[in-house]
Ligand SMILES: Cc1cc2nc3c(=O)[nH]c(=O)nc-3n(C[C@H](O)[C@H](O)[C@H](O)COP(=O)(O)OP(=O)(O)OC[C@H]3O[C@@H](n4cnc5c(N)ncnc54)[C@H](O)[C@@H]3O)c2cc1C
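Residue numbers (the numbering used here): 681 to 1081.
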């Protein structure tokens, strides 16, 4: 299928999703109905190679789809991102043939894999994670706690990052492991517990959870990539995260593009001082700036989606992805804020979608790499220097290899 066809399918679905978005926001329920429709339309796993039953689409195709869906329903757009970028793209790039064949059908049927990196004491400093995967015979035993795991309790596939320890107790670095929790099939996973769900200001239908791993046993064939020093392992898997960052930036841009449409409509509809708002130059200039911000973000995100990192990486370049994400997410917050302003009091009430969009868009400068950390990455690339953030230079992990 070509890019335009994917985009057209997404536009069609978005028309149905828009009126449902407020409902998921209020009930805080997961949008299973939308998930079924996304899977039927071939948008879940559209970037999975055709050899594994996916659509074989590019990240650029996915970005076109994500923008359309995000204009209508942020929750559904996040699901499309996670069913095509990030965790699943890491498995498709680094997994064994068996792992890819095992995971693809879950995503194609509607599963949004959970990616488990952050911990209560390791957010931006992700390499400070303390969760361990200890080798014991042909298994890894995982112990630790993860926080802010999107989809905990609803996701079946989990990609868990942990410090890998060999049978002699030597720490090898950080690796990634696949865990499957599928209560429908009676696979509950002793050792993986949802501790609690956060009550968030936006994106309310998506569970954001704390997960505990208590002697969670993973067969060794579910190790996606094992570390070999700091470079391989965690670094490879984080490269895959560049695709997720482009996806997250696109959701924010899509929300902003949706807010811009609402603002245009309202400026033509609403009259004050016996004139439509559209005739006030102060608002016209605001609208022009909003449009420029959305368009610039879109170009940067498309550029990033088409870019490739060094050494034939299948993933977007870190610099392109980081730059596009911080620019698009910060711009989107401003655009949605201005759109709400154009609506006056009406924008502050839930009779219009602006107040929900405003709460939803706020997250995107935080999750998946904060705007500050992304700027640090961009600056490091611009200057051609390493930008260690710890007082003694590098993290424990980096020093040990
Ligand atoms: C809705 C949501 C969903 C998420 N989903 C997932 C998920 O599915 N899986 C997952 O693993 N994680 C997830 N996260 C976690 C997310 O990746 C972290 O929130 C993020 O990495 C930042 O970590 P932190 O919140 O602990 O902030 P901290 O790292 O504590 O940072 C606090 C503040 O300090 C700033 N800061 C930190 N270090 C520096 C520095 N060196 N220089 C300048 N400023 C700095 C940050 O930018 C931030 O403003 C999610 C978060 C949210 C909000």
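We treat Cβ as the ideally placed atom computed from N, Cα and C, and that holds for glycine.
- Residue 993 and residue 739 have their C-alpha atoms roughly 13 angstroms apart.
- Relative to the non-hydrogen atoms of ligand 1, the Cβ of residue 855 never comes closer than 7 angstroms to any of them.
- The closest CA to that of residue 687, considering only 743, 734 and 942, is found on 743.
- Using a Cβ-Cβ distance cut-off of 8 angstroms, the region 803-815 and the region 940-955 are not in contact, since fewer than three pairs of beta carbons, one from each stretch, lie closer than that value.
- One thing to note: residue 734 has its Cβ no nearer than 8 angstroms to the Cβ of residue 693.
- Ranked by Cα distance from residue 1011, the options 1025, 978 and 998 are led by 978.
- Separation of residue 875 and residue 711 (C-alpha to C-alpha, rounded to the nearest whole angstrom) is 22 angstroms.
- Annotation: residue 884 to residue 1033 spans about 14 angstroms, alpha carbon to alpha carbon.
- Here DSSP, grouped into helix, strand and coil, assigns residue 801 to coil.
- Using a Cβ distance threshold of 8 angstroms, residue 796 and residue 839 count as a contacting pair.
- According to the DSSP assignment, residue 796 belongs to the beta strand (DSSP E) that extends over 794-796.
- The C-beta of residue 1005 has 16 or more other C-beta atoms within 10 Å across all chains shown, which makes the residue buried.
- Taking 8 angstroms as the cut-off, the Cβ atoms of residue 897 and residue 818 do not count as close.
- Shown here for residue 984: same chain residues with a beta carbon closer than 6 angstroms to its own, the five before and five after excluded, namely 926, 996, 1000, 1001 and 1004 in chain order.
- For residue 744, the enclosing alpha helix (DSSP H) has its first and last residue at 739-752.
- With fewer than three CB-CB distances shorter than 8 angstroms, the region 912-922 does not count as touching the region 863-877.
- With a cutoff of 7 angstroms, residue 765 does not count as near ligand 1, since its C-beta is closer than that to no heavy atom of the ligand.
- Residue environment analysis places residue 961 among the exposed positions, since fewer than 16 neighbouring C-beta atoms fall within 10 angstroms of its C-beta.
- DSSP places residue 820 in the uninterrupted beta strand (DSSP E) bounded by 819-830.
- The C-alpha of residue 1054 lies about 10 angstroms from the C-alpha of residue 1048.
- Across the set 989, 773 and 695, the C-alpha of 773 shows the shortest separation from the C-alpha of residue 727.
- Here the distance from the Cβ of residue 1043 to the nearest heavy atom of ligand 1 is below 7 angstroms.
- Under the three-state reduction of DSSP output, residue 853 falls in the strand class.
- From the listed residues 699, 1068, 935 and 1021, the smallest Cα separation to residue 963 is found for 1021.
- For residue 701 against residue 753, the beta-carbon gap comes to about 4 angstroms, under 8 angstroms, which counts as contact.
- The DSSP-derived three-state label of residue 1011 is helix.
- Burial state of residue 924 is buried, judged by a 10 Å Cβ sphere holding 16 or more other Cβ atoms.
- Judged by DSSP secondary structure, residue 780 falls within the alpha helix (DSSP H) whose first and last residues are 777-788.
- The Cβ atoms of residue 860 and residue 891 do not sit closer than 8 angstroms to each other.
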